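Residue numbers (this note's numbering): 1454 to 1523. Think of the CB as a built atom: it goes at the ideal place given N, C-alpha and C, for glycine as much as any other residue. Values in this document were obtained by computation on a predicted structure and should not be read as measured data. Some notes on the structure that comes next.
Spelled out as structure tokens, the structure:
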């Protein structure tokens, strides 16, 4: 499934806006932002609702690339 590059970019920016430039747990932090996009709120401690795996992986990859460029 193709993901919208503008959406991925916006979510990567959201990851950095929420967690800063130096990410300590990039996988979890990307997942919480994708969860917020899908469900309208950050997940609670035991929130296991699904998110789009394709979107999550695209955001994770783009976030890791953005960190490598810093």
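Fill in: Top-ranked residue by Cα proximity to residue 1502, from 1464, 1479, 1489
Numbered from its first residue, the chain shown carries residue 1502 at position 49. The residue with the shortest Cα to Cα distance from residue 1502 is 1489.
Practice prompt. Taking 9 Å as the cut-off, decide whether the C-beta atoms of residue 1504 and residue 1461 are in contact.
Written response: Within the chain shown, residue 1504 is the residue found at index 51, counting from 1. Within the chain shown, residue 1461 is the residue found at index 8, counting from 1. Not in contact: residue 1504 and residue 1461 (Cβ atoms no closer than 9 Å).
Practice prompt. Use the C-beta contact count for residue 1467: other C-beta atoms within 10 angstroms, 16 or more gives buried, fewer gives exposed.
Written response: The residue labelled residue 1467 in the question sits at position 14 within the chain shown. Counting every other CB atom within 10 Å of its CB across the protein chains shown gives residue 1467 a total of 16 or more, marking it as buried.
Worksheet item: According to the neighbour-count rule (16 or more other Cβ atoms, all chains shown, within 10 Å of its Cβ), is residue 1497 buried or exposed?
Response: As a working mapping, residue 1497 is identified with position 44 in the chain shown. Its Cβ having fewer than 16 others within 10 Å, residue 1497 is exposed.
Discussion item. Using the three-state DSSP reduction, which class does residue 1462 fall into: helix, strand or coil?
Written reply: For the purposes of this step, residue 1462 is identified with residue 9 of the chain shown, where counting begins at 1. Note: residue 1462 maps to helix in three-state DSSP.
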